Amino acid sequence: MNHTSPPRSGVVRAHATGPVHRAVTRLVTELERGLTGRGATALLYFASSSYDPTVLAPAIAAHFPHTVAIGCSTAGEFTDLRNGTGGISAVVLPDDVVTHAAAALGDLGEDPGRGTAAALGALERLTHSQLRHLDTARHVGFVLIDGVRGAEEEVNDMLGNAAPLLDFVGGSAGDDFALRSTWVAVGADVSYEGVALMVCRSAAPYRVVKTCSFTPTGQVLRVTRADPASRLVHEFDGRPAAEAYADAVGLAVTALDVDVFMDRPVGLMIDNHPWIRTPQAVAPGGGLHFWAQIMPGMEVEIMRSGDLLTDTRAVLRRARLDLGGAAGAVLFNCGFRRLEMDAKGLSPAFPTALDGIPTAGFHTYGESWLGHVNQTLTGVVFGSSAGRLC
């Protein structure tokens, strides 16, 4: 079954379920119907790990041979009309939204730095420019990263070094919480330990959005010993990290579990905004494993969860009003936010929080923008054609 209502202008999004060839046929039919004769400059798609990417990616590429396409596996898929698992969501950025696009695939398996550098080099050859020299008012980047290897920080650092002022926004691929293997794709090519990069030249202004629906409690923990490469904090304030964290949230160490970690993550405060790091597990010796790096010397605050749907709607509405209208959005929502919505019975209402903006996205294993974060929604909202750039 697929759900979509194509707009006459702006992005075109669709969702489909079922066996791979049937799902692709339905997806493509809806996308082509929504294009109404416009050219499809770029395509992003997000698929359940139940689909074989070596079948899915070539099938989508064959249907859109002149379109730059990237995709990845997920922990759930959504549009502004549907939120669920086990299907495929997709968004086409037509030529009235994006005039040019380029994409490259990098292999992170043996050396994440080398694989990311290769993808960046390929992008620069395709755009005929160093990324740092692109007009950041007209260009925006998307990044899809393998979600189980733990290379997100290195990839994001390299993106920042290559193009300090260019926004790269995206998420870590999922595998429906199996935590075994994810994939990313560019065109018909697939990598199970890779990064997919896309750069788009926008026809209208855009805004990057970020919301995490958490507020600080004022309880501060200082990292006094950590191993960032393994995302392990050994000590907060000179004490075993699990013990210090448990005291801060008012629980015994033995009571710490995934529900506590999701409800009370820590946040690195930058300009009064939290950048979330979620604990993963208590480590042998009393440390805490996290889903994102925390550096020695950092001060983080215990967070308190808020109203996820209201906060999401508010940040998207602000972006739309700022742009004077929205042609559509591509969004990356943390899988833990999906689990929170599932637990609270909010998942069916999530599309309503997208404020009527034509949208497609997926539930991720981590979000990217200026770094790697957890329990956050990031994305790009494109302005309406009325605000086209000259």
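Basically the working numbering = 1-based index in the sequence shown + 422.
Even glycine gets a Cβ: it sits at the ideal position worked out from N, Cα and C.
As the structure is a computational prediction, the values presented were derived from the model and not from experiment.
A Cβ-Cβ contact shorter than 8 Å links Ala610 with Ala483. Setting aside the 5 residues that flank it on each side, Val570 is surrounded in the same chain by Asp597, Leu601, Arg602, Ser603, Thr604 and Tyr787, each with a C-beta closer than 8 Å to its C-beta; the list follows chain order. By DSSP's assignment, Ile724 forms a beta bridge with Val688. Across the structure, Leu556 and Ala670 are spaced so that their CA atoms are roughly 45 Å apart. Nearest to Leu745 by C-alpha distance, out of Ala559, Gly508, Ala573 and Thr521, is Ala559.
In the assembly as shown, Thr521 is a buried residue. Its beta-carbon has 16 or more other beta-carbons within 10 Å. For Arg735, the enclosing alpha helix (DSSP H) has its first and last residue at Leu730 to Leu745. Per DSSP, the unbroken alpha helix (DSSP H) holding Arg759 starts and ends at Gly757 to Lys766.
DSSP places Ala497 in the coil class of the three-state scheme, outside both helix and strand. Just so you know, the alpha carbons of Asp681 and Asp568 end up roughly 25 Å apart. In this structure, the CA atom of Ala751 is about 36 Å from the CA atom of Pro718.
Residue His711 holds the alpha-carbon nearest to the alpha-carbon of Ser652 among Thr489, Val612, Met691 and His711. Secondary structure of Met717 (DSSP, three-state): coil. The shortest C-alpha to C-alpha distance from Thr538 to any of Thr734, Glu574, Ala668 and Ser769 is the one to Glu574. Leu542 has its alpha-carbon roughly 24 Å from the corresponding atom of Phe486. Taking the Cα positions, Asn583 is about 17 Å away from Gly528.
Looking at Val737, Val621, Pro650 and Ala674, the one whose alpha-carbon comes closest to that of Ala524 is Val621. Annotated as proximal: Val645 and Met720, with beta-carbon spacing under 8 Å. In the three-state scheme derived from DSSP, where H, G and I count as helix and E and B as strand, Ser635 is classed as coil. When the five nearest sequence neighbours on each side are left out, the beta carbons in the same chain lying within less than 6 Å of the beta carbon of Gly461 are those of Asp517, in order along the chain.
Within the same chain, and ignoring the five residues on either side of Gly531 in sequence, the residues whose Cβ sits closer than 6 Å to its Cβ are Glu615. Cβ-Cβ separation between Val591 and Gly801: approximately 6 Å, consistent with a contact (criterion under 8 Å). With a 10 Å radius around the Cβ and a threshold of 16 neighbouring Cβ atoms, Ser471 comes out buried. Less than 8 Å divides the Cβ of Leu581 from the Cβ of Val565. DSSP, reduced to helix, strand and coil, places Tyr628 within a strand of the structure shown.
In the DSSP assignment, Val671 falls within the alpha helix (DSSP H) that extends over Ala663 to Val671.
Cβ contact annotation for Phe758 (same chain, cutoff 8 Å, sequence separation greater than five): Met684, Thr700, Asn796 and Gln797, in chain order. Per DSSP, Ala484 lies in no beta strand (DSSP E) segment; the continuous alpha helix (DSSP H) that holds it begins and ends at Pro475 to His485. With fewer than 16 other Cβ atoms from the protein chains shown falling within 10 Å of its own Cβ, Arg536 counts as exposed. The C-beta distance from Thr633 to Val514 rounds to 25 Å, too long to meet the 8 Å contact threshold. Taking Gln552 as the centre and dropping the five residues before and after it, the same chain places the C-beta of Glu546 closer than 7 Å to its C-beta, in chain order. Counting along the chain, the unbroken alpha helix (DSSP H) around Thr451 starts and ends at Val442 to Leu457. The C-beta of Leu743 has fewer than 16 other C-beta atoms within 10 Å across all chains shown, which makes the residue exposed. Boundaries around Thr463 are those of the beta strand (DSSP E), Ala462 to Ser470, since no alpha helix (DSSP H) includes it. Residue environment for Leu761: buried (at least 16 other C-beta atoms within 10 angstroms of its C-beta).
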